Amino acid sequence: MNVFQNIRKNLIVLILADSLAIVSGLYISTMLRYDFRLPVLWISNEIIYIIAPVLLIKISVFNFFKLYRGMWRYTSVWDMINIIKANVFASLLVISTIGFFRGFDGIARSLFILDFLITTGFIGGTRIGIRLFFTHLLNPSNFKNEDTKKVILIGAGETGQFICRELLSESKHQMTPIGFVDDNPKLMNIEIHGKPVYGGIEFLSNIVFEFDEILICCPTASKQEMRRIIEICKDTGKLFRTLPSVSEMMSGQVSVNQFREVSLVDLLGRDEVVLDESSISKYINGKRIMISGAGGSIGSELVRQCLKYEPALLVMLDISEYNLFQIEREILKIDTNVLVKPVLSDIRDKNILDKVFSEFEPQVVFHAAAYKHVPMQEAFPWEAIKTNVFGTANMVKVSIEHNIDKFVLVSTDKAVKPVNVMGATKRLAELLIQGANNQNGTAFMAVRFGNVLGSSGSVIPIFQEQIKSGGPVTITDPDMERYFMSIPEAAQLIIQAGGLGEGSEVFVLDMGEPIRILDIAHELIRLSGYEPELDIPISFTGARPGEKKVEELILDSEYIDKTSHEKIMVVNHNISNKEIIDITNRISDGELDGSEFDKNEIRNRLSNLVPEYQFDNDQVDPIILRIKPEAQA
5 MNVFQNIRKN LIVLILADSL AIVSGLYIST MLRYDFRLPV LWISNEIIYI IAPVLLIKIS
65 VFNFFKLYRG MWRYTSVWDM INIIKANVFA SLLVISTIGF FRGFDGIARS LFILDFLITT
125 GFIGGTRIGI RLFFTHLLNP SNFKNEDTKK VILIGAGETG QFICRELLSE SKHQMTPIGF
185 VDDNPKLMNI EIHGKPVYGG IEFLSNIVFE FDEILICCPT ASKQEMRRII EICKDTGKLF
245 RTLPSVSEMM SGQVSVNQFR EVSLVDLLGR DEVVLDESSI SKYINGKRIM ISGAGGSIGS
305 ELVRQCLKYE PALLVMLDIS EYNLFQIERE ILKIDTNVLV KPVLSDIRDK NILDKVFSEF
365 EPQVVFHAAA YKHVPMQEAF PWEAIKTNVF GTANMVKVSI EHNIDKFVLV STDKAVKPVN
425 VMGATKRLAE LLIQGANNQN GTAFMAVRFG NVLGSSGSVI PIFQEQIKSG GPVTITDPDM
485 ERYFMSIPEA AQLIIQAGGL GEGSEVFVLD MGEPIRILDI AHELIRLSGY EPELDIPISF
545 TGARPGEKKV EELILDSEYI DKTSHEKIMV VNHNISNKEI IDITNRISDG ELDGSEFDKN
605 EIRNRLSNLV PEYQFDNDQV DPIILRIKPE AQA
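One gets my numbering by counting positions in the sequence shown from 1 and adding 4 to each.
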């Protein structure tokens with residue numbers, strides 16, 4: 005029997021149970037009103053003309069109030085309030101109908117009050133009985149299970165209460181909540197679902213009874229609050245896990261299954277982003293959206309965020325078969341009406357892009373496809389040019405030819421005063437979209453930001469792997485600093501910037517203060533339960549090719565203005581449109597062509613196009629590319 009047959013069967017059983025409750029309520033009310041004697045009317049054939057309309061009215065009203073759409077195994081206070089409202093409305097409708105069509109001859113008016121009370125009790129009792137059946141009979145109390153963990157919940161707000169209720173009703177989690185801690189003084193010394201709120205979070209430091217684990221139920225906690233909570237949790241020596249931040253919980257639903265180990269994201273990137281949803285919805289809802297690099301860290305998050313605004317079509321374009329497969333599998337699990345189309349394609353092939361744009365006719369393009377790994381692009385700069393410059397040029401040309409509305413380039417802080425090939429090519433990508441702005445009415449814009457926590461190729465997974473193997477953790481320079489934000493925050497702000505932009509803007513995201521890579525290493529080591537230098541050594545290897553100690557978000561010749569969003573600024577630059585057009589024309593005329601495998605020649609040409617780009621001429625080409633295969637005998 006499939007799930008739909010089960011649902012239909014349960015619905016029929018519930019309607020029959022409610023019908024029995026309604027008829028029983030009528031007869032019991034009558035017996036109570038007439039001292040347990042039934043009037044002649046109630047045992048005559050005429051009674052069918054009263055019972056049938058009452059049944060029809062009440063079942064219809066219950067359906068209108070959605071009493072048959074809930075999962076009654078999870079009956080809550082709000083469900084009971086809804087049952088009361090449904091019965092009030094149904095009783096008033098029954099009284100009006102009987103009064104209009106028949107009158108109250110032989111029917112005492114006080115009977116309807118008794119009927120309302122008894123029927124409400126029966127209907128509510130049915131639902132509560134269902135919940136008790138599932139929570140106590142099918143899910144017997146897990147207190148007797150020796151493997152059950154005793155957990156303390158940090159946060160007695162709505163999220164903590166929900167988690168507590170789920171743990172109490174679902175034995176499969178193998179956890180028993182024994183109480184809460186919360187800094188809210190109004191919650192001190194009260195009980196929630198029968199579990200006490202012991203005191204503030206500091207109470208954990210002086211706890212005297214035994215427990216096994218701590219669950220942090222604070223998805224809206226700021227970075228500062230999370231740091232304090234984590235420090236206190238570490239002092240207890242117990243295991244502790246946390247719920248993701250609000251921005252990470254895309255579904256909006258909280259569940260015990262979402263708890264995970266505390267990560268650096270919780271310390272550095274938990275501040276919630278407030279979005280102007282109306283401006284975003286205006287240019288995404290019902291539109292055809294394309295995201296290039298859709299399988300990457302930022303691209304895949306853009307996919308998730310865009311789905312919330314219900315575009316008519318979402319085209320996911322990526323050259324990586326594996327990444328595209330992964331994001332497609334993830335999206336298939338989401339309950340959405342959006343038509344999603346994965347496209348395995350290369351932005352460096354304009355002919356293919358022409359076909360893709362002709363088939364799907366996107367209206368908004370988020371261009372996230374790029375090579376981003378700095379040392380790799382230093383070793384193979386021609387690949388960076390083909391993808392970051394020529395690939396972007398192809399996307400721009402095809403977008404103009406197909407009259408798209410908006411084009412949002414995902415840029416980087418490394419495009420500011422670049423010292424590496426990756427940064428120089430991304431700066432050229434910015435200039436390409438500025439030079440193309442408003443051709444055929446297309447609004448082009450770029451969004452600059454720094455590193456994102458947990459992205460592929462970032463230092464964090466590398467550090468975690470080194471810590472797991474016992475160290476050492478390798479850092480290029482003790483003074484190396486970077487800007488960081490979480491992937492969801494970056495993607496949300498990119499989409500928001502698209503709503504603010506009207507064309508030619510280069511937006512800069514508020515990245516906060518730069519963070520030393522050494523400090524990140526220390527935090528990761530401590531989160532893993534070790535002490536830096538004592539348990540896990542740290543070694544300094546020197547800066548890699550193309551790296552600079554401190555990244556910047558604007559050029560010396562630029563300044564930033566505020567926008568309507570507090571975390572998004574717009575760059576004002578003094579480069580003229582004539583200069584921008586000149587650079588884009590030189591790229592179109594082939595100034596970067598024909599220099600494969602000659603790194604220094606490529607760097608020279610990039611420097612001619614991007615004067616602020618400074619590079620090291622002493623770098624050596626990869627030896628493997630200088631070996632010529634010998635003729636086979």
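We put the CB at the ideal spot given by N, CA and C, even for glycine. Quantities reported herein were computed from a predicted structural model and do not represent experimental measurements.
By the Cβ rule, the region 317-333 does not count as touching the region 509-527, because fewer than three pairs are nearer than 8 Å. Under the DSSP assignment, VAL347 falls outside any alpha helix (DSSP H), being part of the beta strand (DSSP E) whose first and last residues are 343-348. Taking the Cα positions, PRO366 is about 14 Å away from GLY445.
In this model, LYS410 and ASN289 are separated by some 14 Å (Cα to Cα). The three-state reading of DSSP puts TYR53 in helix, counting H, G and I together. In this structure LEU613 is buried. Its beta-carbon is surrounded by 16 or more other beta-carbon atoms within 10 angstroms. Checking the DSSP bridge columns, you'll see HIS371 partnered with SER296 and LEU413.
Counting the other Cβ atoms within 10 Å of the Cβ of LEU610 gives 16 or more, which makes it buried.
Judged by DSSP in its simplified three-state form, GLY183 adopts strand. Counting only the Cα atoms, LYS421 lies some 22 Å from LYS566.
With fewer than 16 other CB atoms across the displayed protein chains lying within 10 angstroms of its CB, LEU42 is exposed. The beta carbon of VAL344 is closer than 7 Å to those of LEU318, MET320 and ILE335 in its chain, skipping five residues each way along the sequence.
Contact between LEU121 and ALA160 is ruled out by a C-beta separation of about 35 Å, above the 8 Å threshold. Per DSSP, ILE158 lies in no alpha helix (DSSP H); the unbroken beta strand (DSSP E) holding it starts and ends at 153-158. It is roughly 32 Å from the alpha-carbon of THR163 to the alpha-carbon of PHE467.
With a threshold of 16 other beta carbon atoms within 10 Å, PRO615 falls short and is exposed.
The shortest CA-to-CA distance from LYS89 to any of ILE99, PHE68, GLN470 and LYS312 is the one to PHE68. Annotation note: the region 371-458 contains the following uninterrupted alpha helix (DSSP H) runs of length 4 or greater, listed N- to C-terminal: 378-383, 385-388, 396-405 and 425-440. The Cβ-Cβ distance between ASN392 and ALA447 does not fall below 9 Å. Burial state of VAL44 is exposed, judged by a 10 Å Cβ sphere holding fewer than 16 other Cβ atoms.
For TYR563, the enclosing beta strand (DSSP E) begins and ends at 563-566.
By the CB criterion at 9 Å, GLN309 and PRO492 fall inside the cutoff. Looking at the DSSP output, PRO536 sits in a beta bridge with ILE540. The Cβ neighbour count for PRO379, taken over all protein chains shown within 10 Å, is under 16; the residue is labelled exposed. Taking a contact as a CB-CB distance under 8 Å, the pair ALA373 and ILE408 does not count as one, their CB atoms being some 16 Å apart.
Bounds of the alpha helix (DSSP H) holding GLU229 are 227-240.
Secondary structure of GLU217 (DSSP, three-state): strand. For PHE166, the uninterrupted alpha helix (DSSP H) segment begins and ends at 162-173. A direct Cα-to-Cα measurement between SER462 and ASN455 gives close to 8 Å. Inclusion of VAL510 and GLN438 in the CB contact set at 9 Å is warranted, their separation being smaller than that value. LEU497 sits away from HIS577, with the two beta carbons spaced by 9 Å or more. DSSP, reduced to helix, strand and coil, places MET484 outside both helices and strands of the structure shown, so it counts as coil.
Separation of the CB atoms of ILE218 and LYS199 is rounded to 14 Å, and the pair is thereby denied contact status at 8 Å. Taking a 10 Å sphere around the C-beta of PRO315, we find 16 or more other C-beta atoms and assign the residue as buried.
GLU195 is bridged by DSSP to PRO200. Taking the C-beta atoms as reference points, SER301 is found no nearer than 9 Å to GLN500.
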